[in-house]
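There are 2 protein chains.
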Amino acid sequence: MTNPILEALTQHRSIRQFENKSLSPHQVTELVDAAQHASTSTFSQQYSIISVTDPAILKEIAKITGHGWMLRSGHYFVMVADQYRNLKIAQENGTDPYILHSTDKFLASVFDTAIATENIMVAAESMGLGGTIMGSILNDPRQMIKLLHLPEMTFPLLGIALGYPKDKPELKPRLPKIEFHFSNHYDLGENFDQQLLDYDQLLSDYYRSRSTNGRTETFSHHIVSELNRNHNLRADLFSIIQEQGFMAH
Amino acid sequence: MTNPILEALTQHRSIRQFENKSLSPHQVTELVDAAQHASTSTFSQQYSIISVTDPAILKEIAKITGHGWMLRSGHYFVMVADQYRNLKIAQENGTDPYILHSTDKFLASVFDTAIATENIMVAAESMGLGGTIMGSILNDPRQMIKLLHLPEMTFPLLGIALGYPKDKPELKPRLPKIEFHFSNHYDLGENFDQQLLDYDQLLSDYYRSRSTNGRTETFSHHIVSELNRNHNLRADLFSIIQEQGFMAH
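What follows is the structure, encoded as structure tokens:
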């Protein structure tokens with residue numbers, strides 16, 4: 001019942017160690033092509049793609065994200081929510097751009113960006129590449145905006161580090177479907193606590209037994225440690241989104 | 250240089266006409282499996298999937314979206330941004346959930362939801378199915394929340410109507426890469442106006458010549474008509490997001 005695409009989708013793992021080999025311009029074009037053919041909300045194509053190849057900019061992004069390993073990737077994309085192009089179209093046609101500044105249109109551009117990002121990842125893996133989607137560029141969007149010369153009505157959302165995989169981490173077990181996929185109504189059920197304990201055990205076994213970076217951690221521990229991070233980190237995200245002209249209403 | 254997955258990704262079209270045939274439970278499980286194996290921000294698995302099979306709920310969703318054709322789909326998913334599960338984990342561990350209510354964690358759950366949505370679409374197409382991602386459930390999130398019994402810290406973001414395709418629309422041309430994919434710095438270039446005119450012509454030719462639903466429309470017309478919609482539509486989106494407990498700071 002399976003097929004090569006289903007097989008590939010369920011074999012995804014994040015790759016952070018790469019061979020010393022860059023992607024070819026042709027490969028990059030194929031990835032952008034795959035991105036562009038994804039669904040886009042109301043066919044408004046509300047995102048842009050920036051290939052970062054300048055070593056100085058890459059170093060700055062590595063500093064922002066805290067992930068030095070990205071410097072050894074074979075190609076780096078920044079995926080940008082983008083209503084600037086459509087703002088220019090509105091201006092050239094003398095149309096009130098009010099709607100572009102809405103929460104709705106910001107969300108639409110986030111959908112577009114994330115959907116295209118996943119197409120790039122799936123396409124890359126089909127070409128024997130691997131990589132990691134990096135939300136960590138949000139540690140300092142103002143600096144990202146400066147580095148990439150991003151105009152108003154754009155926002156840097158996700159980085160993608162890609163390359164030829166040097167390792168193949170084990171597949172990380174996901175939440176049990178009974179706590180994740182519901183029928184008609186949202187319902188974690190009466191056995192959520194027990195299901196979570198079982199999953200905590202499963203994930204802890206995975207972390208302990210994996211060949212590299214072994215540790216003792218359950219899903220619950222992981223969530224708790226995420227929530228115990230410094231409250232000041234990314235505290236001004238909403239202000240910066242608004243500074244760029246998004247979510248004015 | 251191409252491969253079957255690249256080929257499939259660049260052949261995506263939205264399908265809105267379906268054969269009268271439901272997806273099997275096994276197919277639905279495979280789709281959820283493909284979704285769950287996608288990347289998730291900080292491995293926090295911040296979304297849930299609801300299969301809507303109750304005809305009464307489907308009818309209500311068709312009313313909200315204005316898309317009656319979805320009632321003839323073979324399966325309907327609602328993709329839900331979800332920090333409720335993680336809120337319960339925080340509570341059970343006596344951890345301050347402050348960070349969960351941040352703009353950052355809302356964005357992370359939107360990323361997770363959209364990325365998983367695209368995996369479902371790619372997986373479905375690999376199985377000979379087709380469909381449409383529907384942002385139109387955002388026309389009335391309060392009603393969606395009520396229909397699906399969504400708790401605090403969840404938000405219905407996207408619907409997915411899937412089924413066996415009854416038609417095969419032509420591929421819609423995308424924006425020229427020169428206005429879409431940049432190197433190191435965002436730059437539409439000096440020829441944006443001319444590029445846009447060319448693209449407007451290309452898209453207008455596509456609309457005029459396509460076999461069904463032919464019309465005269467350029468990309469510029471399309472964006473302008475999007476912006477001329479009623480300003481009151483979805484005007485309370487941000488309030489509802491906050492009512493659900495998201496983006497408190």
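Chains as they are written, first to last, in this note's numbering: chain A, 1 to 249; chain B, 250 to 498.
Yeah, the Cβ is synthetic: ideal placement off N, Cα and C, and Gly gets one too.
All values reported here derive from a predicted model rather than from experimental measurement.
Contacts around residue i, its chain only, beta-carbon distance under 7 Å, and the 5 residues preceding and following it disregarded
| i | result |
| --- | --- |
| Leu446 of chain B | none |
| Ser358 of chain B | Gln295, Tyr296, Ala330, Asp331 and Gln332 |
| Ile489 of chain B | Pro390 and Arg391 |
| Ile133 of chain A | Thr117, Met121, Leu158 and Ile160 |
| Ala497 of chain B | His350 and Gln491 |
| Glu125 of chain A | Ala8 and His12 |
| Leu437 of chain B | Glu428 |
| Ile5 of chain A | none |
| Ala283 of chain B | Asn368, Ile369 and Ala372 |
| Thr289 of chain B | Gln295 and Asp361 |
| Phe192 of chain A | Glu179 |
| Ile57 of chain A | Leu147 |
Cβ shell of residue i (< 6 Å), same chain only, five flanking positions each side left out
| i | result |
| --- | --- |
| Pro414 of chain B | Ile264 and Gly379 |
| Pro97 of chain A | Leu87 and Ala90 |
| Gln195 of chain A | Pro176 and Glu179 |
| Thr362 of chain B | Tyr296, Met328, Ala330 and Leu406 |
| Glu170 of chain A | Arg210 |
| Thr154 of chain A | Val80, Asp82 and Tyr84 |
| Leu237 of chain A | none |
| Asn139 of chain A | Ile64 |
8 Å CB neighbourhood of residue i in its chain, flanking five on each side removed
| i | result |
| --- | --- |
| Ile61 of chain A | Val52, Met70, Tyr76, Val78, Ile137, Met144, Leu147 and Gly159 |
| Ala484 of chain B | none |
| Pro422 of chain B | Tyr448, Leu451, Leu452 and Tyr455 |
| Glu152 of chain A | Tyr84, Leu87, Gln244 and Gly245 |
| Thr212 of chain A | Asp167 and Pro169 |
| Val28 of chain A | Ser51 and His75 |
| Lys270 of chain B | Gly323, Gly412 and Tyr413 |
| Thr291 of chain B | Ala357 |
| Lys308 of chain B | Leu320 |
| Gly317 of chain B | Ala311 |
Identified DSSP bridge partners for residue i
| i | result |
| --- | --- |
| Ser51 of chain A | A:Phe77 and B:Ser432 |
| Phe18 of chain A | A:Pro165 |
Chain C contact residues for residue i, given Cβ-Cβ distances below 8 Å
| i | result |
| --- | --- |
| Thr302 of chain B | Chain labels in this structure do not include chain C; the protein chains are A and B. |
Note to self: List, from N- to C-terminal side, the beta strand (DSSP E) runs of 3 residues or more that fit wholly inside the segment 318 to 382 of chain B.
What the structure shows: 324 to 331
Notebook entry, point to check: In the segment 145 to 207 of chain A, which residue ranges form an unbroken beta strand (DSSP E) of at least 3 residues, counting only runs that do not cross its ends?
Noted result: Listed in chain order, they are 154 to 163 and 181 to 183.
Notebook entry, point to check: According to a CB-to-CB cut-off of less than 9 Å, which residues of the segment 415 to 428 of chain B neighbour chain A?
Noted result: Leu420, Lys421, Arg423, Leu424, Lys426 and Glu428
Item checked: Sufficient close CB pairs (3 or more, under 8 Å) joining the segment 450 to 466 of chain B to the segment 99 to 109 of chain A -> The segment 450 to 466 of chain B vs the segment 99 to 109 of chain A: no contact.
Next item on the list: Could you pull out every unbroken alpha helix (DSSP H) segment of at least 4 residues lying fully inside the segment 202 to 242 of chain A, listed in chain order?
Entry: If we require 4 residues or more, the alpha helix (DSSP H) runs fully inside the segment 202 to 242 of chain A come out as 219 to 227.
Margin query: For the segment 275 to 297 of chain B, list every residue whose C-beta sits within 8 Å of some C-beta in chain A, in sequence order.
Written below: Taking 8 Å as the Cβ-Cβ cut-off against chain A, the residues of the segment 275 to 297 of chain B that qualify are His275, Thr278, Glu279, Val281, Asp282, Ala283, Gln285, His286, Ala287, Ser288, Ser290, Thr291, Phe292, Ser293, Gln294 and Ser297.
Notebook entry, point to check: Relative to chain A, which residues along the segment 440 to 474 of chain B have a C-beta separation below 8 Å, given in chain order?
Noted result: So the close ones are Phe441, Asp442, Leu445, Phe468, Ser469, His471, Ile472 and Val473.
Check: Along the segment 136 to 151 of chain A, what residues have a CB closer than 7 Å to any CB found in chain B?
Finding: Leu138, Leu148, His149, Leu150 and Pro151
Next item on the list: Can you give me, in chain order, the residues of the segment 96 to 112 of chain A that have a beta carbon less than 8 Å from any beta carbon in chain B?
Entry: Asp96, Pro97, Tyr98, Ile99, Leu100, Ser102, Thr103, Asp104, Leu107, Ala108, Val110 and Phe111
Next item on the list: Could you list the residues in the segment 259 to 271 of chain B with a C-beta less than 7 Å from some C-beta on chain A, going in chain order?
Entry: Thr259, His261 and Ser263
Next item on the list: Residues of the segment 112 to 126 of chain A with a CB closer than 9 Å to any CB of chain B: list them in chain order, please.
Entry: Asp112, Thr113, Ala114, Ile115, Ala116, Thr117, Glu118, Asn119, Met121, Val122, Ala123, Glu125 and Ser126
Next item on the list: For the segment 78 to 92 of chain A, enumerate the residues whose C-beta is nearer than 9 Å to any C-beta of chain B, in chain order.
Entry: Val80, Asp82, Tyr84, Arg85, Asn86, Lys88, Ile89, Ala90 and Glu92
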